[in-house]
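Novice:
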Amino acid sequence: MIYRYNVIGFLVLCTIWFGLTLYFPSAIEQNEKEYLEKKELVSKYNTLKEKYSKDKLKQNKAKILEFLEIFDIPYKVKKSKRLKKDIVSVELEYANANKIISYVLNANIQVHSMKIEKVSEYKILFEVVF
1 MIYRYNVIGF LVLCTIWFGL TLYFPSAIEQ NEKEYLEKKE LVSKYNTLKE
51 KYSKDKLKQN KAKILEFLEI FDIPYKVKKS KRLKKDIVSV ELEYANANKI
101 ISYVLNANIQ VHSMKIEKVS EYKILFEVVF
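Taken in order, the sequence shown gives residues 1 to 130; the numbers are from the numbering used here.
1) Tell me the rounded alpha-carbon separation between residue 67 and residue 39.
2) Can you find the residues in the same chain that come closer than 6 Å, C-beta to C-beta, to residue 76, ignoring five residues on each side of it along the sequence?
3) In the stretch 21 to 89, which residue ranges form an unbroken alpha helix (DSSP H) of at least 4 residues, counting only runs that do not cross its ends?
4) Between residue 19 and chain B, is the shortest Cβ-Cβ distance under 9 Å, so that the two count as touching?
5) Out of 30, 71, 11, 4, point me to the one whose CA is closest to residue 97's CA.
6) Taking the beta strand (DSSP E) that residue 129 falls in, what are its first and last residues?
7) Over what stretch of residues does the beta strand (DSSP E) that includes residue 120 continue unbroken?
8) For residue 92 versus residue 125, is the C-beta distance shorter than 9 Å?
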């Protein structure tokens, strides 16, 4: 009788061991796949974070300000309380407006938003939000 329980116990342990040997390799492979997918997502997130970091935005703002200073174009820098961002406002004549706006668009400068308003017949207001 005891021998029968030992055999049954041994067979139960063998089936458990056999099941685990079949289950664990596939489970490990599945976990590795999930880990690699999550790692890829994290790396993509980090590259986006680096691309749009505040340091990059400050560098972009410095590029525009340097460009405006080189050509002696008067500008104002305001701090928006609602957006918590810097706004560079430039009042331009129509002759200069095309060059400056195309510089901002073609220089691969990431900005939060841009706004162009007509101030008078000969002037426009160009605002860049960082």
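Ideal Cβ positions, reconstructed from N, Cα and C, are used throughout, including at glycine.
Specialist: Result, derived from the coordinates:
1) Straight-line Cα distance between these residues: approximately 40 Å.
2) 89.
3) Within the stretch 21 to 89, the complete alpha helix (DSSP H) runs of at least 4 residues are 54 to 70.
4) Here there is only one protein chain, and chain B is not present.
5) Cα-wise, what sits closest to residue 97 is 71.
6) Looking at the DSSP string, the run of the beta strand (DSSP E) that includes residue 129 is 123 to 129.
7) Counting along the chain, residue 120 falls outside any beta strand (DSSP E), and DSSP gives it neither H nor E.
8) Less than 9 Å separates the beta-carbon of residue 92 from that of residue 125.
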